[in-house]
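Letter by letter, the sequence shown follows residues 0 to 94 of numbering that gives the first Met the number 0. Each remark here refers to the structure printed beneath this line.
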Amino acid sequence: MIEEEATTEVEEVPEGEQVEEQVEEKPVSKPKGKRQKRKARFSPQIYKFYKVDDDKVTRLRKECPRCGKGNFLAEHSDRLSCGKCGYADFKKTKN
């Protein structure tokens, strides 16, 4: 058997001439539809955690000792718990 050599066809370009490469054009995409409007959000719930009396602000809930200011403890029937770090403070029960 005769082994065939792989040949590649290369066009020789004389010096000084530039070769223009053919660039494939991207297909034209369809125009996008209109964006949906966002739902109206509820008013911020943070107002439930503070009380204002005569230019004096008081906190209605206890803050988390691990997370710091701005993170309040959720009030459950038997404990106070932080939703961010998992800290739990159990309420004292009367026996």
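All C-beta atoms in this analysis are idealised placements derived from N, C-alpha and C, irrespective of residue type, glycine included.
Bridge partner(s) assigned by DSSP for residue i
i	result
A39	The partner list for A39 (beta bridge, DSSP) is empty, contrary to what the question assumes.
Y49	R58
Rounded C-alpha distance that separates residue i from residue j
i	j	result
P64	Y86	8 Å
K29	K36	21 Å
D77	G32	52 Å
D54	K90	31 Å
Coarse secondary structure for residue i, derived from DSSP in three states
i	result
K31	coil
Beta strand (DSSP E) segment containing residue i, residue limits
i	result
K55	55-58
R78	78-80
F89	87-89
Spatial neighbours of residue i in its chain, beta-carbon cut-off 8 Å, leaving aside the 5 residues before and after
i	result
E62	K68, G69, N70, F71, L72
Nonlocal neighbours in the same chain, by C-beta distance under 7 Å from residue i, ignoring five residues either side
i	result
R58	F48, Y49
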